Structures are given as C-alpha cells and as structure tokens.
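So the structure is just underneath, and the comments pick up after that.
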Amino acid sequence: MALTLLRGMRTPMVARRNSGLFFTTLQPPLSRFTTRAESAQATEPKSAPKSIQLATKEAAEQKTQGFEAVIGIETHVQLSTVTKAFCSCPYSYGSQPNSTVCPTCMGHPGTLPVLNAKVVECAVKLGLALNCEITMTSKFDRKQYFYPDLPKGYQISQFDIPIAKEGYLDLDLPVEFGGGHRRFGITRVHMEEDAGKLLHSESGSYSQVDLNRAGVPLLEIVSEPDMRTGIEAAEYGAELQRLVRYLGVSNGNMQEGSLRCDVNVSVRPIGQSKFGTKVEIKNMNSFSAINRAIDYEISRQILLHKEGQADQIVQETRLWDESSQKTFTMRKKEGLADYRYFPEPDLPEVVLTSDYIDEIQKSMPELPEAKRRRYENMELSMQDVLFLANDDNVARFFDSTLEHGADAKLAANWIMGDIAAYLKNEKLSIDEIKLTPLELSELIASIKNGTISGKIGKEILIELIAKGGTVKSVIEERDLVQIADPAVIEAMVDQVLADNPKQLEQYRSGKTKLQGFFAGQVMKASKGKANPVLLNKILGEKLKANS
Numbered sequence: 001m002a003l004t005l006l007r008g009m010r011t012p013m014v015a016r017r018n019s020g021l022f023f024t025t026l027q028p029p030l031s032r033f034t035t036r037a038e039s040a041q042a043t044e045p046k047s048a049p050k051s052i053q054l055a056t057k058e059a060a061e062q063k064t065q066g067f068e069a070v071i072g073i074e075t076h077v078q079l080s081t082v083t084k085a086f087c088s089c090p091y092s093y094g095s096q097p098n099s100t101v102c103p104t105c106m107g108h109p110g111t112l113p114v115l116n117a118k119v120v121e122c123a124v125k126l127g128l129a130l131n132c133e134i135t136m137t138s139k140f141d142r143k144q145y146f147y148p149d150l151p152k153g154y155q156i157s158q159f160d161i162p163i164a165k166e167g168y169l170d171l172d173l174p175v176e177f178g179g180g181h182r183r184f185g186i187t188r189v190h191m192e193e194d195a196g197k198l199l200h201s202e203s204g205s206y207s208q209v210d211l212n213r214a215g216v217p218l219l220e221i222v223s224e225p226d227m228r229t230g231i232e233a234a235e236y237g238a239e240l241q242r243l244v245r246y247l248g249v250s251n252g253n254m255q256e257g258s259l260r261c262d263v264n265v266s267v268r269p270i271g272q273s274k275f276g277t278k279v280e281i282k283n284m285n286s287f288s289a290i291n292r293a294i295d296y297e298i299s300r301q302i303l304l305h306k307e308g309q310a311d312q313i314v315q316e317t318r319l320w321d322e323s324s325q326k327t328f329t330m331r332k333k334e335g336l337a338d339y340r341y342f343p344e345p346d347l348p349e350v351v352l353t354s355d356y357i358d359e360i361q362k363s364m365p366e367l368p369e370a371k372r373r374r375y376e377n378m379e380l381s382m383q384d385v386l387f388l389a390n391d392d393n394v395a396r397f398f399d400s401t402l403e404h405g406a407d408a409k410l411a412a413n414w415i416m417g418d419i420a421a422y423l424k425n426e427k428l429s430i431d432e433i434k435l436t437p438l439e440l441s442e443l444i445a446s447i448k449n450g451t452i453s454g455k456i457g458k459e460i461l462i463e464l465i466a467k468g469g470t471v472k473s474v475i476e477e478r479d480l481v482q483i484a485d486p487a488v489i490e491a492m493v494d495q496v497l498a499d500n501p502k503q504l505e506q507y508r509s510g511k512t513k514l515q516g517f518f519a520g521q522v523m524k525a526s527k528g529k530a531n532p533v534l535l536n537k538i539l540g541e542k543l544k545a546n547s
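Letter 445 of the sequence shown, counting from 1, is numbered 445 in our numbering, and no numbers are missing.
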C-alpha cells in the first residue's frame, strides 16, 4: 500500500509502506473552506435560540417585499446496510482511515461490482414512503469526473432512469412558525455510491484521502422547487430525516454525514414565472443552519435586485459559514457539468416485480404523516401531535401506554412534561429509561382514581424512570396512599389553623391569598398525601366559618 504526497504540481509521487494503510494527499483547493468531506465530519452546532429563529424569519419576510424565493433541495441519505453498495466491505463511522476498503471500492483494475440487494430494498421503501412511482426496470450509469476521493474516476449512479420518481412529501410546520400543512413535490429518488473524503492538514499544505466511505450506498432525493422560505426547507429536511428513521433505512445523523442537504436558492419578482439565477449552498450541518443560510441568501439576492445589481447573482456554489452567519463563494459554475454519463457495463438492469413491491409495501411501518393524522383524531393539540410523532421511539412508547388503557391527553402530558425534561437533563432517549408504558398507564390510573396525588405521582415517576419497578410496589413500600378520609383531613386542617393564629387573623382581615399557605401546611403535615380536592373543600369551609 502506498502513501502518495503531492505538494503542488512539481513534487513527484513518493511511495512507501505505512502500517498497511493507504493514503493519498494533495494540495487542497481552499484553505478556509472545505468540500463535502469536511462537511460530513463537522459536528452539529447547537440550535439557535427560538427568539433568534423568529427574528430571522421576521427580518426575512420584511426584506422579501415584492419578491419570492424559489427553493429546491438535493438530499443524500447514507443507508444503514451491513456492507457497501457493490462489495462486501463493512462501513462503520469513525473507523481508522482506510481500514474498511478492498480492491473493488478502491477502484483497482480488473475488479467487478456486485449490487447489494438491500440497497434496492431500501430504495423501494423510501420511494413508496415518498408516494413515488416505482420504476420496474431501472439501470446504473457511470458519472465521470475527477476528484482525489473518487478512486475509479467515476461514480456509479443512476442518470435517466431512476428507481423512483414523481412523488411528494407531506409535513406540518411547527406551531411557533405559524403552523399549517405543506406538500412538496419529489422529482426523483436514485441509488448511487458515495465517494471517499479528504482530511486536510492543519497547515493546509497537504491533504489525505480516506476511502472508508467510498462505495457506501446512498439514496439521493431531489425535490421540486416548491419551497419558499428557510423554515419550509428546514422542515422538509427534518421530515426526510424522520422518514428514513421510521423506515429504518438510515440513522439520518447529519453530524456523521448520514444525511446531507444541498440547497438551491433563487429569487424572482412576485408574479414572474421565469426562475431567477440559481445559487447552490453547501456546508450546513443542522436544520437550523439550513433555515438561517437560506434566509441570508434570499436577503442577499433581493438586496442585489433592489440595488440594480441583479447581474451580480451568478450560478455558483456558496458555503455557509456558521461563525459569520453568511454564505461565501466556493466556486463559480460556468455551465452545466458534463459528466459524460453512460450505462454501467458491469452491472445488469435492476428489474423489479409487482410481488416484490407488494411485499415491501406490506412490511412498511406507520409513517410520520399517518401517525400525525391519527394523533390529531385523538383531539390532541398540534403541538402534542408534532412532539409525539417526531421520534418513532417516543411514538411507540405513547401508543403502548394507550394500549394499556391510559387517557391520550394525560399520557401525552406526562411524556411531554416530566419524562421529556428528565431525558433532556440526563441526555437519554426514551428507550434507555427503566419506566415502561405499562407502569406509566398504572401511574396515570392511580392518580385518576385518587390512590395517590399528582405531587406524589411525580415523585414515583422519577423513581420508576431511574430504578424501574412497579407503581404498586413503590406506593406500598413508601406508604404513599393518598389520604381521602374527610375526618382525618379535617383534623389536620384544624391543627394547622390552631398553630397559625397570626396568619388566620390576617386572612380574616382580607388577605385571602393565605388560603394557599394553609393548604401548603396541611400538605406538609400529610407528607403530600392529603387529597387536594378534598383538602381545599374542607379548608375553604373552615376559613369561611372563621371569617
């Protein structure tokens, strides 16, 4: 194996052995910005505070008067298959560079690709989920271009006959951004292999090539130019992530490069049918970054229009810089790239049967859109619906809780409130806690039938989440059964009033808010076990009699 160093054009290639690993290095084209490879290894930044997002939205709306944006997105989804698309190499994010490679994915002469059948299955699943027309006979093509992380000199992709086309994606916008239902068209879904990635040196004098990712299966989803705002584009990307996770075809992690969005943005005067000059934006590692990058680019283009400099908007690729919150030119596009596509001679056509598609259709889970509509029919608020359907694990936990007899609204409140807060604080997912849906339903029932109070319920919940067990055993072990005997509560009220004559006198003088103080003292004396409804009723009667 060889390590090749290229320092400028005059440096000769040098070959030597290096612990069995293969590296290729070259001068990077840019010192400040990186290409698709660095985007994949960047960590996802923290989301901007909601106030900043809202301010960005409002500012963008003010600047778009008289113009509208036209936005389309190309999304690459890395599939969670055991092996690569055309060879038997495994792929694991974070592996040592060039440790999961073979002659096939390294592009050695004489090697032949063999299609991973799981890739086709994933493609059909996603195509069906996106309401696409599935192509019964499709083919692979060679997309030819030179780049150091593309060892063969071409990428195996699909050109004129993709495996799925002409679909759409439905989603609901967040309530805080005005809500509403949207449907965005899907132009096509096609299969292809990934390239490797470049690892740039700190000095910027050379780069190394890691081919672990070369040959990893991808699905590219191309949207119609149906989006008009950064929020719509960000939510489109989030819905795609949600969809591939529901289907189990990808983990959709942006910080690992498993889901990458390239956005095309143009603006035009309202009423004009002709599209404006399209600008591509890359290097966005979160959905909030997509939102902010698009809103910035829309404002930039509209400002040029208003200043009479529309000719300064050229077809180019721009990079989003998170630190400055601006886009910068990466490279100009003189025209459409000529990739010299031609059919891949080493792979046969992909021929599907109706029975094959029907089997996949039957195996499909309930998808996010269908789940949201089902939850909506339970008379849950849209905020509840979006939260519960956002994560498939949360949705399953919620559904299982309902199957054990819990009220939908009460179950939603517990999951979105105390349970979600615990998960956030402890940085856990809902399937990592010890609370089961059965015990959550038992907890809700115990509060509803008066066995325990809501306050005690919260204490029990935390114990069940952290340690597990049953509601019944915790109640019995800690003697937490709610006091619902009127005589016992009345005696406690009398004692509290007798122990606090000064506050009682103040209450009689008109400081009626002290009723809460007396109630708190009774709850303290009962260790939180007094029935709050019965307590307030008895306390109110006693205070009225003492007035």
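Positions of the beta carbon are idealized from the N, C-alpha and C atoms, including for glycine. In this text, all values refer to a predicted model and were calculated from it rather than measured experimentally.
Under DSSP, the beta strand (DSSP E) around residue i begins and ends at which residues?
| i | result |
| --- | --- |
| Pro217 | 217-223 |
| Pro259 | Rather than Pro, the amino acid found at residue 259 in this sequence is Leu. Note, Leu259: beta strand (DSSP E), 259-269. |
| Val70 | 67-78 |
| Val189 | 181-193 |
Nearest-angstrom Cα distance between residue i and residue j?
| i | j | result |
| --- | --- | --- |
| Ser205 | Leu128 | 47 Å |
| Pro348 | Leu440 | 53 Å |
| Ala408 | Leu402 | 6 Å |
| Lys434 | Thr81 | 30 Å |
| Val496 | Gly520 | 10 Å |
| Lys524 | Val533 | 16 Å |
| Ser157 | Tyr339 | 11 Å |
| Glu541 | Lys467 | 42 Å |
| Ile221 | Glu74 | 6 Å |
| Gly72 | Leu428 | 34 Å |
| Glu202 | Val249 | 35 Å |
Just verifying my parser: in three-state terms, what is the DSSP assignment at residue i?
| i | result |
| --- | --- |
| Gly167 | strand |
| Cys122 | helix |
| Thr200 | Per the sequence presented here, residue 200 reads as His, with Thr not at that position. Looking at His200 - three-state DSSP - the assignment turns out to be strand. |
| Gln208 | strand |
| Ser99 | coil |
| Tyr154 | strand |
| Pro343 | strand |
| Glu379 | coil |
| Ser138 | strand |
| Arg36 | Low confidence applies here, because Arg36 scores a pLDDT of 31, under 50, leaving its location unreliable; read the following figure in that light. Correct three-state label for Arg36: helix. |
| Lys143 | strand |
| Val350 | strand |
| Gly528 | coil |
| Lys427 | coil |
| Phe328 | strand |
| Met227 | strand |
| Glu366 | coil |
| Ile483 | strand |
| Lys282 | strand |
If you check the beta carbons only, do residue i and residue j fall under 8 Å apart?
| i | j | result |
| --- | --- | --- |
| Gln241 | Leu259 | yes |
| Ile444 | Leu480 | no |
| Gly107 | Lys152 | yes |
| Leu357 | Val124 | With the sequence shown as reference, residue 357 is identified as Ile, and Leu is not the correct amino acid for it. Result yes, Cβ atoms of Ile357 and Val124 sit closer than 8 Å. |
| Ile313 | Gln301 | yes |
| Tyr168 | Asn131 | yes |
| Pro113 | Asp346 | yes |
| Tyr91 | Thr100 | yes |
| Leu79 | Pro217 | yes |
| Thr187 | Ser138 | no |
| Ala233 | Ile290 | yes |
| Thr277 | Gln309 | no |
| Glu548 | Arg182 | No answer is possible for residue 548: the residues shown for the chain start at 1 and end at 547. |
| Asp499 | Arg372 | no |
Assuming residue i and residue j form a contact by the criterion Cβ under 8 Å, report the distance between their Cβ atoms to the nearest whole angstrom.
| i | j | result |
| --- | --- | --- |
| Gly215 | Phe86 | 6 Å |
| Gly252 | Val244 | 5 Å |
| Asn212 | Pro97 | 7 Å |
| Gln482 | Asn531 | 5 Å |
| Gly516 | Ile456 | So it is not a contact: roughly 19 Å between Cβ atoms. |
| Lys197 | Asp149 | 6 Å |
| Val189 | Pro225 | Between Pro225 and Val189 the Cβ distance is about 17 Å, and since that is not below 8 Å, they are no contact. |
| Asp399 | Tyr246 | That pair is no contact at about 13 Å. |
Between which two residues does the alpha helix (DSSP H) carrying residue i extend?
| i | result |
| --- | --- |
| Phe599 | Coverage of the chain is limited to positions 1 through 547, which leaves residue 599 absent and any answer about it impossible. |
| Glu176 | That residue, Glu176, is in no alpha helix (DSSP H); it is neither H nor E in DSSP. |
| Gly540 | 532-546 |
| Ser400 | 392-403 |
| Leu319 | Counting along the chain, Leu319 falls outside any alpha helix (DSSP H), though it belongs to the beta strand (DSSP E) covering 316-321. |
| Gly110 | From DSSP, Gly110 is part of no alpha helix (DSSP H); its letter is neither H nor E. |
| Met492 | 486-499 |
| Val471 | 471-477 |
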